[in-house]
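Enquirer: Residue numbers (the numbering used here), protein chains in the order written: chain A, 1 to 252; chain B, 253 to 475; chain C, 476 to 730. Can you read through this structure? Questions will come right after.
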Amino acid sequence: MKQQIKFIIAALVALSSVISLPAFAKQTVNVGMSGNYVPFTFSEKDVLQGFEVDLWKEIALRSDYEVKFVLSTFSGLFGMLEAGHIDTIANQITITPARLERYVFSNPYVIDGVQIVTKKGREDITTVDDLKGKKVAVNLGSNFEEILRSIDTKKEINIITYDSGFAQDVVLGRTDAFIMDRVGSAALIKKSKLPLQLAGQPFEKIENAMPFLNKPKQIIIRDKVNAALLSMKNDGTLAKISVKWLGADVTQ
Amino acid sequence: MQMPLDVQYIIELLPILLKYLSVTMEMAILGFCFAIILAVILAVVRVLKLPLLRHLASVFISFFRGTPLLVQLFLLYYGLPQVLPIFAGVDAFTAAIIGLSLHFSAYMAESIRAAIMGIDKSQMEACLSIGMTRLQAMRRIILPQAARVATPSLMNYFIDMIKSTSLAFTLGVAEIMAKAQMEASSSFKYFESFLAVALIYWAVIELFSRLQHYLEIRMNRAY
Amino acid sequence: MIKVQNLSKKFADNTVLNGINFDVAHGEIVVIIGPSGTGKSTLLRCLNFLETPSSGVIEIAGVRVDSETATAAQITSLRKKSSFVFQNYSLFANKTALQNVAESLLTVWKEPKSAALKHAETILQQVGLSEKIHQYPSQLSGGQQQRVGIARAMAAKGEVILFDEPTSSLDPEWVDEVLAVMKQLAVQKQTMIIVTHEMQFAREVANRVIFMEGGNIVEQGTPQQIFEHPQQQRTKEFVARATKQSLTALDSAML
Numbered sequence: 001m002k003q004q005i006k007f008i009i010a011a012l013v014a015l016s017s018v019i020s021l022p023a024f025a026k027q028t029v030n031v032g033m034s035g036n037y038v039p040f041t042f043s044e045k046d047v048l049q050g051f052e053v054d055l056w057k058e059i060a061l062r063s064d065y066e067v068k069f070v071l072s073t074f075s076g077l078f079g080m081l082e083a084g085h086i087d088t089i090a091n092q093i094t095i096t097p098a099r100l101e102r103y104v105f106s107n108p109y110v111i112d113g114v115q116i117v118t119k120k121g122r123e124d125i126t127t128v129d130d131l132k133g134k135k136v137a138v139n140l141g142s143n144f145e146e147i148l149r150s151i152d153t154k155k156e157i158n159i160i161t162y163d164s165g166f167a168q169d170v171v172l173g174r175t176d177a178f179i180m181d182r183v184g185s186a187a188l189i190k191k192s193k194l195p196l197q198l199a200g201q202p203f204e205k206i207e208n209a210m211p212f213l214n215k216p217k218q219i220i221i222r223d224k225v226n227a228a229l230l231s232m233k234n235d236g237t238l239a240k241i242s243v244k245w246l247g248a249d250v251t252q
Numbered sequence: 253m254q255m256p257l258d259v260q261y262i263i264e265l266l267p268i269l270l271k272y273l274s275v276t277m278e279m280a281i282l283g284f285c286f287a288i289i290l291a292v293i294l295a296v297v298r299v300l301k302l303p304l305l306r307h308l309a310s311v312f313i314s315f316f317r318g319t320p321l322l323v324q325l326f327l328l329y330y331g332l333p334q335v336l337p338i339f340a341g342v343d344a345f346t347a348a349i350i351g352l353s354l355h356f357s358a359y360m361a362e363s364i365r366a367a368i369m370g371i372d373k374s375q376m377e378a379c380l381s382i383g384m385t386r387l388q389a390m391r392r393i394i395l396p397q398a399a400r401v402a403t404p405s406l407m408n409y410f411i412d413m414i415k416s417t418s419l420a421f422t423l424g425v426a427e428i429m430a431k432a433q434m435e436a437s438s439s440f441k442y443f444e445s446f447l448a449v450a451l452i453y454w455a456v457i458e459l460f461s462r463l464q465h466y467l468e469i470r471m472n473r474a475y
Numbered sequence: 476m477i478k479v480q481n482l483s484k485k486f487a488d489n490t491v492l493n494g495i496n497f498d499v500a501h502g503e504i505v506v507i508i509g510p511s512g513t514g515k516s517t518l519l520r521c522l523n524f525l526e527t528p529s530s531g532v533i534e535i536a537g538v539r540v541d542s543e544t545a546t547a548a549q550i551t552s553l554r555k556k557s558s559f560v561f562q563n564y565s566l567f568a569n570k571t572a573l574q575n576v577a578e579s580l581l582t583v584w585k586e587p588k589s590a591a592l593k594h595a596e597t598i599l600q601q602v603g604l605s606e607k608i609h610q611y612p613s614q615l616s617g618g619q620q621q622r623v624g625i626a627r628a629m630a631a632k633g634e635v636i637l638f639d640e641p642t643s644s645l646d647p648e649w650v651d652e653v654l655a656v657m658k659q660l661a662v663q664k665q666t667m668i669i670v671t672h673e674m675q676f677a678r679e680v681a682n683r684v685i686f687m688e689g690g691n692i693v694e695q696g697t698p699q700q701i702f703e704h705p706q707q708q709r710t711k712e713f714v715a716r717a718t719k720q721s722l723t724a725l726d727s728a729m730l
C-alpha cells in the first residue's frame with residue numbers, strides 16, 4: 001500500500017512539473033507604476049495605458065519577458081522596489097545623484113525639464129525666484145520635491161507635498177503653483193482642460209530612466225532593458241511612442 | 253471656477269468600480285475570518301491566564317491597538333521583507349488581509365474577553381465539577397454563550413473592516429478605492445469619482461447593518 | 476472511601492476551615508448542618524477543589540491530592556471521582572435538559588453520542604422529567620432545574636455526590652420533589668455528602684450528621700444522637716433552635 005502511494009505521489013509531482021513547464025519559458029518582470037500620471041501611466045475606464053505602458057509592452061516583446069504592471073501610490077513605489085515586490089519602476093523617475101548612490105539606472109529614455117505650472121491668466125510667476133513666499137505643490141517623494149528644496153536654501157518657499165490632486169488644488173487656489181516635468185505638465189493641461197498654464201521656461205534639465213536594485217539578478221534585467229531600448233531607438237519605435245502620447249519626441 | 257456635478261460620469265463609473273467590489277469584500281471576509289480565530293485564541297489565553305502566552309497576547313493586543321492600521325500595513329508590506337526576505341513573495345492583497353486580521357483581532361479579542369467574563373462564574377464551576385478541563389469548558393459551554401453576547405460588537409468590527417480595506421490601495425491593491433483614485437487622476441473628476449465610491453461603501457455597509465440587526469434579533473431569543 | 480485530612484481554608488485573614496478531619500465510607504449518607512457562613516459550603520467545595528484548600532489532603536476513591544503539591548491533572552482526576560449539585564442549579568444555559576445530563580458522558584468520558592443520550596434519558600426518567608428532556612433550563616421551574624442538576628450529577632460517574640444546599644433557593648412548593656429524588660438516591664445507597672438546613676430530611680435519610688461551627692466540626696453522630704442527645708452545648712442550642720423552626724413551619728403548613 002505504501003509503495004503505491006509513493007508511486008502516485010511521484011507521478012503527480014512529475015505531471016505537475018511538466019504542466020507548469022510553459023510557465024518557465026518566459027521570465028516575469030514586475031514593473032511598478034502609479035497609474036496616476038497622465039499621460040505616462042493612467043487608467044481610463046479601467047484600462048491601464050500611457051507612454052510607460054506602451055514602452056514596456058514593447059520592451060517585454062523584444063526581451064522575451066512577461067511584463068506585470070504593479071500599481072501603487074507614487075510614494076510607495078521605492079518601498080516596493082526595496083522590498084523586492086517589483087523589479088523596476090516605470091514612472092518617469094529622474095536620475096539624481098542621491099538615487100545613483102543606491103540604485104542602478106537604465107539608459108535615460110526621456111529628456112525633459114522642470115516646469116512651473118500656475119493657474120491660467122496669472123502673470124506674477126514666471127521664474128523660480130517668483131516662487132518665494134508662495135505655496136507650491138509637489139508630488140510626495142518625487143525628485144521635484146528634492147530639486148525645489150535644494151534651490152530654496154533660505155526656505156522661502158512653502159512646499160506642500162501631495163500624493164495626487166495637486167493640479168486640482170492650483171485651480172482651486174489652495175496652492176499658487178505646482179512643479180512637475182514639462183512634458184507631463186503640457187500633457188496634463190491638454191487632457192484635463194483645466195485652466196492651467198506653463199509658467200516660464202523650464203529650469204534644470206532632467207533625464208528620466210528606470211531604477212533597479214544593485215544586485216546581480218536585477219542588473220541582468222537592466223542590461224536587457226537597455227538592449228531593447230537601444231533597438232527601439234534605432235528603428236524609430238521609441239520616437240513613435242513618444243509622439244503618440246506626448247505630442248513630440250522627447251526621447252533624445 | 254465652479255465645476256457642475258457630472259452625474260453621467262458617476263453612472264458610467266459605478267459599474268467599473270463595482271467590478272472591483274469583489275476584491276474589497278474578499279479582503280474583508282477573509283480578514284474577518286482569520287481575525288475571529290486569532291481573537292478567540294487571544295481571549296481564551298488571557299481569560300485562562302495561560303503562563304507566558306498571556307503576556308505575549310497582552311503585548312500583541314497593545315501593539316495592534318496602539319498603532320494605526322496604515323502603519324501596520326506598511327510595516328508588513330515594505331518593512332518585513334527587508335528583515336525576512338521570504339516576505340518579499342507576499343503580494344499586496346495577502347499582506348493587506350494579514351494586516352487587517354492582526355489589527356482587528358486585537359480589538360475583537362477584547363470584546364470576546366469581555367463577553368466571556370460576563371458569563372456567570374457558576375457555568376465554569378459546573379463544568380469543572382463534572383471533570384472538564386477549563387479548555388473543554390470554554391469550547392463546550394462558555395464560548396457558545398459568549399458568542400451571543402459578543403456578536404453585536406463583532407459585527408461592528410466587520411463593518412469597520414469593510415471600510416478599512418480602502419487603506420489597501422496604499423499597498424497597490426486593485427480594490428474600489430484605488431480604482432476611484434486612478435480614474436479621478438485621469439479624468440480629473442475628483443468629486444464625482446469619490447462620491448461614486450462613497451455610495452458603494454454606503455450601500456454595502458447598509459446591507460450588512462440590516463443583516464446585523466436581523467442576527468441580533470435571532471440571538472436575543474433566549475435559550 | 477473518602478478521607479479528609481487537616482483541611483484548612485483561609486480567605487485573606489479569615490480562617491473559614493480549621494484543620495478539618497473526617498472520613499466517609501462507601502454508601503454512607505452524611506449530612507452537614509450548622510449556622511450560615513460557618514464553612515459548610517466551603518468544605519464541600521474544597522472536596523472537588525472548586526475552592527483551593529490552603530492546606531490539607533483530600534482522598535476520594537483512591538485519588539489522593541495534597542493541596543500543597545496539587546497539579547491541574549491531579550485536580551481534574553479528583554473531580555472525576557465526585558459530582559456536585561449546586562444551590563443555584565448551575566445548569567448549562569445553552570444546553571437542553573438531556574444535553575446537560577449527557578454532557579459529562581460525551582465530553583469527559585468520551586462515550587458515543589447515541590449511548591450517552593440514551594443513558595441521559597433513562598436518568599431523567601428516574602427523576603420524573605421524561606417530558607422535559609428537550610427543554611432549556613430557562614423553560615423549567617426551579618424544582619425541575621434542580622432535578623436536572625441532580626440527574627446530571629448522577630450521570631457523571633462520580634463515586635460520591637456532593638449537595639450544596641440543594642433546596643435553599645427553591646420556592647417551598649418545589650422543595651419536596653427535590654428531596655424525593657434525593658431520598659430515592661439514598662435508598663439506592665448512593666454515597667452522598669449533603670449540606671442542608673432541612674432537618675426533617677436529615678433525620679430521615681442521614682447515616683451520620685456532622686454539626687459544624689466556626690470552621691470546626693463540633694460534633695458528629697447518628698441523627699438520633701445529634702438531634703435527640705446532643706453532647707456539646709453549641710449543638711444543643713443549634714438543634715433546639717433549628718427544630719423549633721421546622722416545627723413552627725410544620726404548624727403553619729397544617730393550618
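Glycine residues also receive a C-beta, built at the ideal position from the N, C-alpha and C atoms. A quick note: this is a predicted structure, and the numbers were derived from the prediction, not measured.
(1) Do leucine 654/C and glutamate 673/C have their beta-carbon atoms positioned less than 8 Å apart in this structure?
(2) Would you report the Cα separation of methionine 529/C and threonine 718/C, rounded to the nearest angstrom?
(3) Do you know how far the Cα of asparagine 143/A is from the Cα of threonine 96/A?
(4) Can you name the residues of chain B whose CB is closer than 7 Å to the CB of valine 70/A?
(5) With H, G and I counted as helix, E and B as strand and the rest as coil, what does DSSP make of alanine 548/C?
(6) Span of the beta strand (DSSP E) holding arginine 683/C?
(7) Across which residues does DSSP place lysine 179/A in a beta bridge pair?
(8) Under a Cβ-count criterion, where at least 16 other Cβ atoms within 10 Å of its own Cβ denotes burial, should leucine 308/B be classed as buried or exposed?
(9) Check each residue of the stretch 22-47 of chain A: if its Cβ is closer than 7 Å to any Cβ of chain B, include it; give the result in chain order.
(10) Could you list the residues in the stretch 374-391 of chain B with a C-beta less than 7 Å from some C-beta on chain C, going in chain order?
(11) If you reduce the DSSP assignment to three classes, tell me which class tyrosine 37/A lands in.
(12) Considering only DSSP beta bridges, list what methionine 667/C is partnered with.
(13) Got a sec: is the Cβ-Cβ distance from tyrosine 442/B to anything in chain A below 8 Å?
(14) Report the neighbours of arginine 554/C on chain B: residues whose CB is nearer than 9 Å to its CB, in chain order.
(15) What's the gap between the Cα of aspartate 176/A and the Cα of lysine 134/A?
(16) Kindly indicate if chain C contains any beta-carbon less than 8 Å away from that of isoleucine 393/B.
(17) For threonine 73/A, go through chain B and note every residue whose CB falls closer than 8 Å to its CB, in chain order.
(18) Are there 16 or more other CB atoms within 10 angstroms of the CB of valine 479/C, so buried, or fewer, so exposed?
(19) Interface residues of chain A around proline 333/B at Cβ under 7 Å?
(20) How would you call proline 211/A, buried or exposed, if buried means at least 16 neighbouring beta carbons within 10 angstroms?
(21) Answer with buried or exposed for proline 67/A, where buried requires no fewer than 16 other C-beta atoms within 10 angstroms of its C-beta.
(22) Taking buried to mean at least 16 other C-beta atoms within 10 Å of its own C-beta, is serine 72/A buried or exposed?
(23) Any beta carbon from chain B within less than 8 Å of threonine 551/C's own beta carbon?
(24) Rounded C-beta distance between tyrosine 272/B and isoleucine 368/B? I'm assuming under 8 Å.
(25) So, using beta-carbon positions, are isoleucine 313/B and alanine 347/B closer together than 8 Å?
(26) List, in order along the chain, the chain B residues whose C-beta lies closer than 7 Å to that of threonine 582/C?
(27) Fully enclosed by the stretch 27-93 of chain A, which beta strand (DSSP E) runs are 3 residues long or longer?
(28) Helix, strand or coil, according to DSSP, for alanine 536/C in the structure here?
(29) So, helix, strand or coil for proline 303/B, using DSSP?
(30) According to DSSP, is valine 296/B part of a helix, a strand, or is it coil?
(31) Return no unless some Cβ of chain A is closer than 8 Å to the Cβ of isoleucine 268/B.
(32) Taking the C-alpha atoms as reference points, what is the distance between valine 714/C and leucine 615/C?
(33) Considering just the uninterrupted stretch of the beta strand (DSSP E) at asparagine 493/C, what are its terminal residues?
(34) Are the Cβ atoms of glutamate 819/C and lysine 556/C separated by less than 8 Å?
(35) Does any residue of chain B bring its CB to less than 8 Å from the CB of asparagine 481/C?
(36) Can you look up serine 374/B in the DSSP assignment and give me helix, strand or coil?
Expert: Quick answer:
(1) yes
(2) What sits at residue 529/C in the sequence shown is serine, not methionine. Each residue's Cα considered, the two are about 34 Å apart.
(3) 8 Å
(4) Gly424
(5) helix
(6) 683-688
(7) Note on residue identity: the sequence assigns isoleucine, not lysine, to residue 179/A. Note: isoleucine 179/A sits in a beta bridge opposite Ile116/A.
(8) exposed
(9) Gly35, Asn36, Val38, Phe42, Ser43, Glu44, Lys45, Asp46
(10) Ser374, Gln375, Glu377, Ala378, Leu380, Ser381, Ile382, Gly383, Met384, Thr385, Gln388
(11) strand
(12) Ile504/C, Ile636/C
(13) yes
(14) Leu380, Ser381, Ile382, Gly383, Met384
(15) 6 Å
(16) yes
(17) Phe421, Thr422, Gly424
(18) buried
(19) Ala83, Gly84
(20) buried
(21) The question names proline, but residue 67/A is valine in the sequence shown. Classification for valine 67/A: buried.
(22) buried
(23) yes
(24) No, tyrosine 272/B and isoleucine 368/B are not in contact; Cβ-Cβ is about 38 Å, not under 8 Å.
(25) no
(26) Met384, Gln388, Arg392
(27) 27-33, 41-44, 47-49, 65-71
(28) coil
(29) coil
(30) helix
(31) yes
(32) 35 Å
(33) 489-499
(34) Residue 819/C lies beyond the stretch modelled for chain C, which goes from 476 to 730, so this question has no answer here.
(35) no
(36) helix
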